[in-house]
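All remarks here apply to the structure that follows.
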Amino acid sequence: MTLDYISDENLEKTLSKFGDQSDEYTDDENRAIQEYFELFDNDEETLPFRKYATKGLVIPGLRSCNLDAKLAFKSMKALHYHATKTYPELFAQLDPLKLKPIIEKKLFQVVKRPVDKGPAIVVFRIRNWKPSEANIEHLALTGALYIYAVAKMSAEIQRQGIIVVSDVSGFKLAHARQASVDLIMMSLRLYTTMPPMIKGMVAINSLRLFEASFNMFKWILPEDIRKIMHITRNDMSHMTKLMAPDRLPVEFGGTIPDEEAYMDQIEDEILKDPELFILIKHVQDEFMATNGIKRKHSNKFNKI
0 MTLDYISDEN LEKTLSKFGD QSDEYTDDEN RAIQEYFELF DNDEETLPFR KYATKGLVIP
60 GLRSCNLDAK LAFKSMKALH YHATKTYPEL FAQLDPLKLK PIIEKKLFQV VKRPVDKGPA
120 IVVFRIRNWK PSEANIEHLA LTGALYIYAV AKMSAEIQRQ GIIVVSDVSG FKLAHARQAS
180 VDLIMMSLRL YTTMPPMIKG MVAINSLRLF EASFNMFKWI LPEDIRKIMH ITRNDMSHMT
240 KLMAPDRLPV EFGGTIPDEE AYMDQIEDEI LKDPELFILI KHVQDEFMAT NGIKRKHSNK
300 FNKI
């Protein structure tokens with residue numbers, strides 16, 4: 000299989016198309032960006048990837064960390080550690096070039112924001128997921144791309160964060176075969192290691208057994224995950240604590256009619272530039288080569 004990759008001379012131009020596009024920062028934001036870059040420049044382990052740290056890609060994480068450059072850099076280092084030390088095999092299995100058909104299936108939705116205030120809400124519908132068409136690893140990466148697309152929408156979202164809702168109605172044995180406990184824990188750990196952008200993880204329409212089991216054993220979860228995770232069958236009181244009812248669909252205990260509650264064409268925003276997937280693949284391949292992580296197959300490349 001022949002794949003494209005991004006030449007060094009085109010890398011800066013490619014990176015400039017992604018991340019925050021406002022290019023307008025406060026004095027405090029500029030100071031935080033500069034401090035973050037200094038931390039990067041003085042860290043030997045991550046220095047090879049400094050070239051990917053543009054202002055537009057760094058500022059969303061800084062805003063989610065209240066402009067605490069040390070916390071944002073610590074989060075990035077934690078992701079680096081998990082990818083290279085904790086879960087290198089999981090990282091090596093991902094293929095960003097397989098995500099387009101998964102995104103086109105519209106397994107995720109985003110709640111509309113009539114006013115740019117408070118967290119954004121991303122919803123995953125498990126009943127629309129066919130494991131034969133997308134494994135759980137690529138599903139998690141697809142979800143991360145939706146979070147990226149939503150975070151790009153405004154500085155307010157970057158500051159207030161995102162609530163991830165999983166509607167587990169329609170959960171079947173085929174899903175259970177994919178969703179092993181270990182793999183779910185890996186995904187949760189990676190999601191919550193991101194700069195503190197995830198403000199809540201809520202599973203709704205859960206089987207009673209799942210809800211009871213979670214409430215019984217949640218104390219074994221890491222504290223940071225336990226604080227933001229909630230599983231329920233139909234009690235939406237937790238959702239209305241996270242967001243005012245007039246900002247929520249009826250199905251989540253809110254007042255917005257469900258058929259009017261969700262954004263259209265969010266997939267078009269993610270897919271509008273195919274170079275995004277080539278860039279992710281480019282970073283992944285360099286990351287793996289630098290850290291000695293091997294794939295089971297090889298690819299040939301053409302410069303673009």
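Residue numbers for the sequence shown follow numbering that gives the first Met the number 0, beginning at 0 and rising by one. Think of the CB as a built atom: it goes at the ideal place given N, C-alpha and C, for glycine as much as any other residue.
Which partner residues of Gln108 appear in the DSSP bridge assignment?
Sequence index remark: in the sequence shown, residue 108 carries index 109 (1-based). In DSSP, Gln108 forms a bridge with Val122.
Notebook entry, point to check: How would you call Thr25, buried or exposed, if buried means at least 16 neighbouring beta carbons within 10 angstroms?
Noted result: The residue given as residue 25 occupies position 26 in the sequence shown. That one is exposed.
* Asked: Going by alpha carbons, who is nearest to Pro256 out of Asp7, Arg126 and Val110?
  -> Along the sequence shown, read from residue 1 onward, the residue named residue 256 stands at position 257. Of the candidates Asp7, Arg126 and Val110, the one whose C-alpha sits nearest the C-alpha of Pro256 is Val110.
Practice prompt. Counting only the same chain and skipping the five closest in sequence on each side, list residues whose C-beta sits under 8 Å from that of Pro130.
Written response: Residue numbering aside, residue 130 sits at position 131 when the sequence shown is read from its first letter. The residues are Ala173, His174, Arg176 and Gln177.
Query raised in the report: Mapping DSSP to helix, strand and coil, what is Asn217?
Result: Translated into the one-based positions of the sequence shown, residue 217 becomes position 218. It is Lys, not Asn, that sits at residue 217 in the sequence shown. Note: Lys217 maps to helix in three-state DSSP.
* Sorted by chain position, which residues of the same chain lie with C-beta nearer than 8 Å to Ser297's C-beta, five sequence neighbours on each side aside? -> Position 298 of the sequence shown, counted from the first residue, corresponds to residue 297. Residue confidence for Ser297 is low, a pLDDT of 40 falling below 50, so the modelled location carries little weight and cannot support an answer.
Item to check | For Ala243 and Ser63, the rounded distance between their alpha carbons | outcome: Translated into positions along the sequence shown, residue 63 becomes position 64. Translated into positions along the sequence shown, residue 243 becomes position 244. If you take the alpha carbons of Ser63 and Ala243, they lie about 21 Å apart.
### Task
State the CB to CB distance for the pair Ser236 and Asn204, rounded to an integer number of angstroms; the pair is presumed to be in contact (CB under 8 Å).
Taking the sequence shown and counting its residues from 1, one reaches residue 236 at position 237. Taking the sequence shown and counting its residues from 1, one reaches residue 204 at position 205. Going by Cβ atoms, the distance from Ser236 to Asn204 rounds to 15 Å, so no, they are not a contact pair.
Task: beta strand (DSSP E) segment containing Leu202, residue limits - done: Indexing the sequence shown from 1 puts residue 202 at position 203. Note that residue 202 is Ala in the sequence shown here, rather than Leu. Element bounds for Ala202: Ile197 to Ile203.
Given this structure, state the Cα-to-Cα distance separating Ile224 from Trp218, to the nearest angstrom. In the sequence shown, counting from the first residue as 1, residue 224 sits at position 225. In the sequence shown, counting from the first residue as 1, residue 218 sits at position 219. Approximately 10 Å between the Cα atoms of the pair.
- Item | As assigned by DSSP and simplified to three states, the class of Tyr261 | Locating residue 261 in the sequence shown gives position 262, counting from the first residue. Strand, per DSSP.
Please name the residue, chosen from Leu61, Leu98 and Thr53, that lies closest to Ala154 on a Cα-to-Cα basis. Locating residue 154 in the sequence shown gives position 155, counting from the first residue. Nearest option by C-alpha distance: Leu61.
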